[in-house]
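In full-length UniProt numbering, the protein residues as written are 1 to 149.
In this text, a Cβ means the ideal position worked out from N, Cα and C, and glycines have one as well.
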């Protein structure tokens, strides 16, 4: 593999990770679904949930987002290891928001990823979420509304 191909692969995988965060944040569930391989998996061991296959991943993300009054996720670069048409990596995540039940949530976590090169570019084959720090303290702020702007 040439150095240029390796650099391009890393850029494409990093863009894939950012694209997924953007799709979740904008609640574009069709785009979320498109970023996984057909047999891809999303696993959330901290809440005992796993979703296998694009349709179930989409439904799982929709379900998860329905629990939030507001939600913010940021993704930070992590390691990427490429092996031909497959790769593994970790992305570092910070999330916060308020649940519709009034509970607050702030966490720092990792996604342990497996990626697959497809004819449509790199896709997630698997994402496993590992929470490293959780703070349920009430958030003092709020999401802006049209009447407050």
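Of the listed residues the options, nearest to residue i (C-alpha basis)
i           : options          : result
residue 94  : 85, 105, 86, 100 : 105
residue 34  : 43, 20, 46, 44   : 20
residue 61  : 36, 84, 85, 83   : 36
residue 132 : 68, 112, 119     : 112
residue 115 : 68, 134, 90, 29  : 90
residue 136 : 103, 41, 13      : 103
residue 70  : 87, 40, 126, 101 : 101
Euclidean distance between Cα positions of residue i and residue j
i           : j           : result
residue 24  : residue 32  : 7 Å
residue 27  : residue 6   : 31 Å
residue 118 : residue 11  : 15 Å
residue 1   : residue 74  : Low local confidence applies: a pLDDT of 47 at residue 1 is under 50, so the model's placement there is unreliable, with the coordinate-based value given in what follows. C-alpha separation (whole angstroms): 31 Å.
residue 43  : residue 144 : 31 Å
residue 140 : residue 46  : 25 Å
residue 124 : residue 130 : 16 Å
Coarse secondary structure for residue i, derived from DSSP in three states
i           : result
residue 79  : coil
residue 17  : helix
residue 142 : coil
residue 120 : coil
residue 22  : helix
Residue(s) in a DSSP beta bridge with residue i
i           : result
residue 43  : 50, 128
residue 110 : 92, 130
residue 68  : 99
residue 104 : 98
residue 135 : 106
residue 86  : 83, 116
residue 74  : 94
Legend entry - Three-pair Cβ contact test at 8 Å for the segment 43-60 versus the segment 74-82: no
Inset, instruction - State whether the segment 83-91 contacts the segment 62-72, with contact taken as three or more CB pairs (one from each stretch) at a distance under 8 Å. - result: no
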